[in-house]
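In the numbering used here, the protein residues as written are 157 to 232.
Quick look at the structure:
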């Protein structure tokens, strides 16, 4: 989690990398066009992402290979 200062308050938020993992995990629960739009935006951020951090988050999941394969095919 990251901390963001907003109007004088600290707010805990997920990083872009963690949100990508969660997007892949729950993609079946999103409308297809919404999912594709988000993936397209992640492609624009590819050089801003910490791929090591993405791998660390994915390793904590039971389906690590499936999640990483999807990320590599759809984002990277």
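Even for Gly, the Cβ is constructed at its ideal location relative to N, Cα and C. It should be emphasised that the depicted structure is a prediction, and the values quoted were computed from it without experimental measurement.
Residue i (DSSP reduced to helix, strand or coil)
i: residue 162; result: strand
i: residue 177; result: helix
i: residue 227; result: helix
i: residue 208; result: helix
i: residue 191; result: helix
i: residue 200; result: helix
According to DSSP, residues forming a beta bridge with residue i
i: residue 168; result: 159
C-beta atoms of residue i and residue j nearer than 8 Å
i: residue 223; j: residue 167; result: no
i: residue 210; j: residue 176; result: yes
Residue i burial status per 10 Å Cβ neighbour count (16 or more: buried)
i: residue 227; result: buried
i: residue 202; result: exposed
i: residue 186; result: exposed
Determine, using beta-carbon pairs with one atom in the stretch 163-180 and one in the stretch 205-220, whether at least three such pairs fall under 8 Å. A contact exists between the stretch 163-180 and the stretch 205-220.
Taking contact to mean 3 or more Cβ pairs, one atom from each stretch, closer than 8 Å, check whether the stretch 160-167 and the stretch 191-198 are in contact. no
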